[in-house]
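Residue numbers (numbering that gives the first Met the number 0), protein chains in the order written: chain A, 0 to 206; chain B, 0 to 717. Note that CB positions come from ideal geometry on N, CA and C, so glycine has one too. Structure, as structure tokens:
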Amino acid sequence: MSEVIQEFRTKAEAVSAIVSSVPSLDQALAYTVDLCARKKACQMLVSGCQEDLSQKAEDLCGLRKWGRIIAAPGLARDDLDRLVPMAREQGISVIRRDMRKHLEGVDIGLTICEYGIAETGTLILDSSSEELRLGTMISEIHVAVIPASRIKGRAEEITNDLETLMENNPNYLAFITGASRTADIERVLALGVHGPLELHILILEDR
Amino acid sequence: MQKANNLKEYKRELGEALDNDFLRKAMDKFAVAYRSARINAFKGHEEEVLIHEVVRVKDAGIDNMMALYEEFKTRAQAAGVHVHLARTAHEANELIANIARKNACKKIIKSKSMTAEETLLNHHLEPEFEVTETDLGEWIIQLRHEGPTHMVMPAIHLSRHQVADLFADVTAREQKPDIQRLVKVARRELRAKFTQADMGISGANVAIAKTGTLGIVTNEGNARLVTTLPRVHVALVGLDKLCASLQDALTILRVLPRNATGQAITSYVTWITGANQCLARGTEKNKKEMHIVFLDNGRTQLARDPLFKQVLRCVRCGACANVCPVYRMVGGHQMGHVYIGAIGLILTYFFHGRDKAKNLVQNCINCEACKHVCAAGIDLPRLIKEIHTRIQDEEGHPLTSVLLGKVLKNRKLFHTLLRTAKAAQRPITGGTRYLSHLPQIFARDQDFRALPAIAKKPFRDMWKDVRPPKPAHPKFKVALFSGCVQDFVYPEQLEAGIKVLAHHGVDLDFPMGQTCCGLPVQMMGEKQAARDVALQNVTAIDPADYDYILTLCASCASHLKNNYPFLVGDEPIVGVKVQQFSDKVMSFSSFVNDILQVTREEFNPSGRTATFHSPCHLCRGMGVVHAPHELIEKSGYRFVRADEEQVCCGFGGTYTSKFPQVSQQILNNKLDDVEKTGAELLLTECPGCVLQLRGGMETRGSRVQVLHIAEALARAKK
Chain A
0 MSEVIQEFRT KAEAVSAIVS SVPSLDQALA YTVDLCARKK ACQMLVSGCQ
50 EDLSQKAEDL CGLRKWGRII AAPGLARDDL DRLVPMAREQ GISVIRRDMR
100 KHLEGVDIGL TICEYGIAET GTLILDSSSE ELRLGTMISE IHVAVIPASR
150 IKGRAEEITN DLETLMENNP NYLAFITGAS RTADIERVLA LGVHGPLELH
200 ILILEDR
Chain B
0 MQKANNLKEY KRELGEALDN DFLRKAMDKF AVAYRSARIN AFKGHEEEVL
50 IHEVVRVKDA GIDNMMALYE EFKTRAQAAG VHVHLARTAH EANELIANIA
100 RKNACKKIIK SKSMTAEETL LNHHLEPEFE VTETDLGEWI IQLRHEGPTH
150 MVMPAIHLSR HQVADLFADV TAREQKPDIQ RLVKVARREL RAKFTQADMG
200 ISGANVAIAK TGTLGIVTNE GNARLVTTLP RVHVALVGLD KLCASLQDAL
250 TILRVLPRNA TGQAITSYVT WITGANQCLA RGTEKNKKEM HIVFLDNGRT
300 QLARDPLFKQ VLRCVRCGAC ANVCPVYRMV GGHQMGHVYI GAIGLILTYF
350 FHGRDKAKNL VQNCINCEAC KHVCAAGIDL PRLIKEIHTR IQDEEGHPLT
400 SVLLGKVLKN RKLFHTLLRT AKAAQRPITG GTRYLSHLPQ IFARDQDFRA
450 LPAIAKKPFR DMWKDVRPPK PAHPKFKVAL FSGCVQDFVY PEQLEAGIKV
500 LAHHGVDLDF PMGQTCCGLP VQMMGEKQAA RDVALQNVTA IDPADYDYIL
550 TLCASCASHL KNNYPFLVGD EPIVGVKVQQ FSDKVMSFSS FVNDILQVTR
600 EEFNPSGRTA TFHSPCHLCR GMGVVHAPHE LIEKSGYRFV RADEEQVCCG
650 FGGTYTSKFP QVSQQILNNK LDDVEKTGAE LLLTECPGCV LQLRGGMETR
700 GSRVQVLHIA EALARAKK
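Okay, structure coming up:
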């Protein structure tokens, strides 16, 4: 494993990301389905519904009617065609749009990222599509696939590419490093305050 | 928020904060944890280089502010954004309210924005709209109807129990004080707010002119939801956030999170260019209705002020609060108005007015810790003093500081008064070296540590007797600058210093025309008096006559070295000399260790353990850290380093008499830290610190002996 990838891995793990290597995208899809199947029915349910909520927040919980969901808004058509049957076998549905109907949460959001930055263990994800943006925020687990060849040392190495993306107006670009976190109460770290409770990174060995 | 009408009320509020045990404990833990987190975050990076880069980027932004604004506007408009410029806070608030009205928005969600705090946007919107903060800390303080106590961690002053009680009110159910669960409750409650909102308001940490991009830094990810779900997005952005390119923005991003929370980067950095896709109901062609309101509120005027323009470099990391010993004791509600910490003391004056700033600005102990962690190299302590002076110029100077200024300007009068004070104290020292009954001037709240008596004979009267013989082959011609405290209270420290210098070829002189360095009056906002005494000293000690100007008081040294050029650099004749003067100023330990290069052979090792308190003006003011450690070891003591060696002792010259309660608490922390080392001796290099520390140990009945490092060296010298 190259030094850059090793550093990326170390830095991402330091901010509690769960990092694995996968030899192919099919393996990444299988990983995602497996993770979803093993996952508790609904973390939001577990971490939320057991809490004492106001009636309004309680009403939001619509998960019971949906079952397990993988949101894969950015996935290419043929990749999706391979994912859907794998998921169906486990009783998991796959959605690509209508995230707004699932604001109460989905189990997994699956995305393929543009770049990785080793220095900070950061993923760079073009989130210009609203579905993709929401998919990575309403999911309880974000599974991000990053091709090894796209992992750079520092963000400064790709400023031109990023600026080109930005100039391709309009654009919504996300640097994501670890799961959503807060330390606002007594400086105690808590994961999953608004976004994912877990971030899984799959390094796709493409070289 | 500052509600105090006068200094007396402000002091009462400080007292209440000091009595808040939870707050004190929380702040303490935070201060200690932050220190190591920051060191870790900068590991492998040249901190100074990174900060210098931020200064370069921010200065360019300040100098080209309006050109960058035009460039940004052109780019953003081309990408479908409405760009506005608000001259004042009120104008910004009204603009935003109008956008909400025009788009028939009722429910507003916000992600954290200090700029919106600055304009008191919520107060403006709340009567008409339902506004919900979504950053956890901001939501908590919004529910409590409070302002933030920290720029990055707004609810750091609250305990889990208080949050649980608050959430119990919100949910109308009982809540356990379990932080992980409380966070999930907030997640669910706020998710409901996200789904219903029709307008989102965010701030921005950077605005990139080249691409018309906003950069928003968050850990929670709430800014992504705020800028995604509602059909309307308004960003409120200070003009100071403009920079030229993504490269510039990344330069700032390299320092901001490291300095703020010790993170290499935050969980989310969001870059928004143009009106993005939005699939909410009621949008036109599935495009977000996006507005960016740039806020001036005095920024363009500040940008033209040669001295104060640097405050616009601030990236709002909050580090100046994180290291502030006063903030650590009293928290952000007392150490700021809306903006908190050292930068808050300054910004309050510009953004919220003299009335809010006038008490606050006096609450700086001048330890310079803020200046040395500032992400943008802002000379915070100096600017605070400048504001202090400005306010006094505008409102009239208080009698005590005018009097002190007048007295100090007249050296002979000042010294006569000190001699008279010596006579007057006789009945109250009871023959000890401490004042056993405080004279009236010091009486109130000063009894937390024993105060020293004024010496029988000032150093200047002893000089003819203790003056060392001129060496046959002088290596260095040195002027000794005593400062008032050593001259009149601790002359024995100077005598000890003279003993240490012996046999090293030092031709020592004590120019009699010297007077107080002027720092005390500068601390009181008496700039004119500070200038006058500076002129007297530079005239009394002609730098052309000496190789070094040596002082055993770190505060004097730092003031002579760092502030004199600013104070009198513009004077016609002295102005030229003052730079030479400042260049020659040297602190005792660096002179003895680095220039004289004393050796172990000169000392009899005692093997006693000694720790060191590094005066603020030594480690930060003079940049001297290692020389004292080396000297302690060379002279045969066993050196043990205290964890908080470089944290202020709470003296701060006139600070201790103005804010005795805070001073006392800082001192207590200091003494605890020293006693933790188990050292028999506590050494330091500033008579002010000696006064504070020795008095504190005496009152505690501690066995730790406090000495000036010169005294410890003199005792060990063969």
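GLN276/B sits in a strand when the DSSP states are folded into three classes. When Cβ-Cβ separations below 8 Å define contact, ARG8/A makes no contact with chain B. For MET334/B against ILE665/B, the beta-carbon gap comes to about 13 Å, at or over 8 Å, which does not count as contact. About 5 Å separates the Cβ atoms of TYR563/B and ALA533/B, confirming a contact at the 8 Å cut-off. Counted as a single uninterrupted DSSP element, the alpha helix (DSSP H) harbouring PHE21/B occupies residues 20-41. If you look at SER19/A, you'll find it in the beta strand (DSSP E) that goes 17-21. Taking a beta-carbon distance threshold of 8 Å, GLY330/B does not count as an interface residue toward chain A.
Here DSSP, grouped into helix, strand and coil, assigns LEU188/A to coil. With a cutoff of 8 Å on beta-carbon distance, PHE128/B and ALA99/B are scored as near each other. In the three-state DSSP reduction, ASN63/B falls in the coil class, being neither helix nor strand. The criterion of a C-beta distance shorter than 8 Å is not satisfied by GLY524/B and HIS336/B. Under the 8 Å criterion on CB atoms, THR212/B is classed as interfacial with respect to chain A. Around the C-beta of MET150/B, 16 or more other C-beta atoms lie within 10 Å, and the residue is accordingly described as buried. Shortest Cα-Cα distance from ARG432/B to any of PRO229/B, HIS414/B, LYS455/B involves LYS455/B.
Looking at the DSSP output, TRP270/B sits in a beta bridge with LEU172/A, GLY214/B.
Just so you know, the alpha carbons of MET696/B and PHE602/B end up roughly 27 Å apart. Taking 8 Å as the cut-off, the beta carbon of ILE200/A is found closer than this to the beta carbon of ILE145/A. For GLY273/B, the nearest CB of chain A lies under 8 Å from its own CB, placing it at the interface with that chain.
For a cut-off of 8 Å, the C-beta gap from VAL14/A to GLY120/A is around 6 Å, short enough to register as a contact. Not one beta carbon of chain A lies nearer than 8 Å to the beta carbon of VAL205/B. Counting only residues of its own chain and dropping the five nearest sequence neighbours on each side, GLY152/A has a CB closer than 7 Å to the CB of VAL3, ALA117, GLU118. With contacts defined by Cβ atoms closer than 8 Å, ILE137/A and LEU82/A do not form a contacting pair. For GLN704/B, the three-state secondary structure derived from DSSP is strand. Here THR399/B is exposed, its C-beta having fewer than 16 other C-beta atoms within 10 Å. DSSP, read as helix, strand or coil, puts GLU103/A in coil. Interface with chain A (8 Å Cβ-Cβ cutoff): ARG34/B is excluded. Secondary structure note for ILE200/B: its beta strand (DSSP E) is the uninterrupted segment 198-201. Nearest to CYS615/B by C-alpha distance, out of GLU644/B, LEU49/B, ARG37/B, ALA103/B, is GLU644/B. Check the Cα spacing between LYS576/B and each of LEU6/B, ARG55/B, GLN535/B: the tightest is with GLN535/B.
In this structure, GLU130/A keeps its C-beta atom at 8 Å or more from the C-beta atom of PRO195/A. The beta carbon of ASP106/A sits no closer than 8 Å to any beta carbon of chain B.
Assigned with DSSP and collapsed to three states, PRO614/B falls in coil, not helix or strand. Look at the segment 274-287 of chain B: the residues with a C-beta under 7 Å from a C-beta of chain A are ALA274, ASN275, GLN276, CYS277, LEU278. What ALA189/A touches in chain B, judged by beta-carbon distance under 9 Å, is LEU135, ILE178, GLN179, LEU181, VAL182, LYS183, going in chain order. For THR131/B, there is no enclosing alpha helix (DSSP H); the residue is part of the beta strand (DSSP E) that begins and ends at 129-132. With at least 16 other beta carbons inside 10 angstroms of its own, LYS287/B counts as buried.
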